[in-house]
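**Q**
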Amino acid sequence: MGKITYQTLRERVSEAIRTKIRKNEYQPGDRIVEQELAAEFGVSRGPIREALRELENEGIVRYSRNVGCSVRKVTVKELYELYFMRTSYEVLSVKVVNGKIPEATIKRLEQVLNKMQNLTPEDTENCIALDNEFHKELVKMAGFDTLQKMWEELDYVTILGGYPNEGDMAKVAQKQYPSHKRIVDACQKQDCKEICKEISFHYWKTIFRCMREDGLSEKEVGQNWENILV
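With the first letter of the sequence shown counted as 1, position 224 gets the number 224 in full-length UniProt numbering; the numbers rise by one all the way through.
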């Protein structure tokens, strides 16, 4: 029998809203109306309100006067900073174990990698979920609960800004396997510097794509990505 999990109504509603945002049914800046969601999900407004407060705490939505609740907009500068931090946490985890990645961690990374190989262009949900699962394993291996918690607090960046529009998801799905295989290959070599380099390069590609689209340079966002490898 598989593992049984229990979810409250609030948790189910909040995950349903996250899914709508991931699928671009709600775009950054779009207003979220409690009454409309209550009617769509067939629940009262209470669980909707609780779910939206949870998403507000996660940084996914925000409340403002005269507008109410809306999907939060993430600037390219903020996206750069968030990915810089996320990369730093993963690199730190690798350095904690001095690049000697546990065999159990490598096995789990390979399992996720195999699932990535079977992704279809339409599989937006699994594309994002597998990406998060992969990188979470890299942070977990350090055994630092606080480090993992800090990394998880940045999860919202993958929902709001880390992925392109739905129309480009086919390209993302195709790149997931080769992009993450480079990291797994480095982990198998147990080379601390190479692993850190591959993790950094992995995130670097995403953020610099966003920067190019907005016509920004590293100087304009105020950081040097190479510093993360020091």
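Glycine included, every Cβ here is placed at the ideal spot set by N, Cα and C.
#1: So what's GLY59 in DSSP terms, helix, strand or just coil?
#2: In the DSSP assignment, the beta strand (DSSP E) including SER70 goes from what residue to what residue?
#3: Could you check where the alpha helix (DSSP H) with LEU138 kicks off and where it finishes?
#4: Which whole-angstrom value is the C-beta distance of LEU138 and GLN176, which I expect to be below 8 Å?
#5: So, at 8 Å on beta carbons, what are the nonlocal neighbours of LEU55 in its own chain, with the 5 sequence-adjacent residues on each side left out?
#6: Specify the secondary structure class of SER44 as computed by DSSP and reduced to three states.
#7: Return the first residue and the last residue of the alpha helix (DSSP H) that PHE84 is part of.
#8: My guess is that MET141 and VAL97 are in contact by the Cβ rule of under 8 Å, so how many angstroms apart are they, rounded?
#9: Answer with buried or exposed for ARG212, where buried requires no fewer than 16 other C-beta atoms within 10 angstroms of its C-beta.
#10: Would you mind reading off the limits of the alpha helix (DSSP H) that contains GLN117?
**A** Taking the coordinates as given:
#1: For the purposes of this step, residue 59 is taken as residue 59 along the sequence shown, with counting starting at 1. Three-state result, GLY59: coil.
#2: Within the sequence shown, residue 70 is the residue found at index 70, counting from 1. For SER70, the enclosing beta strand (DSSP E) has its first and last residue at 68-71.
#3: As a working mapping, residue 138 is identified with position 138 in the sequence shown. 124-140 is the span of the alpha helix (DSSP H), which, as asked, contains LEU138.
#4: Numbered from its first residue, the sequence shown carries residue 138 at position 138. Numbered from its first residue, the sequence shown carries residue 176 at position 176. 15 Å between Cβ atoms; not a contact.
#5: Residue mapping note: residue 55 aligns to position 55 of the sequence shown, counting from 1. Closer than 8 Å at Cβ, skipping near neighbours: SER14, ILE17, ARG18, VAL61.
#6: The residue labelled residue 44 in the question sits at position 44 within the sequence shown. For SER44, the three-state secondary structure derived from DSSP is coil.
#7: Position 84 of the sequence shown holds residue 84. First-last of the alpha helix (DSSP H) with PHE84: 76-96.
#8: Here residue 141 refers to the residue found at position 141 when the sequence shown is read from its first residue. Here residue 97 refers to the residue found at position 97 when the sequence shown is read from its first residue. Between VAL97 and MET141 the Cβ distance is about 6 Å, and since that is below 8 Å, they are a contact.
#9: Residue 212 sits at position 212 when you count from the first residue of the sequence shown. Result: exposed.
#10: Against the sequence shown, residue 117 aligns to sequence position 117. Where GLN117 is concerned, the enclosing alpha helix (DSSP H) starts and stops at 103-117.
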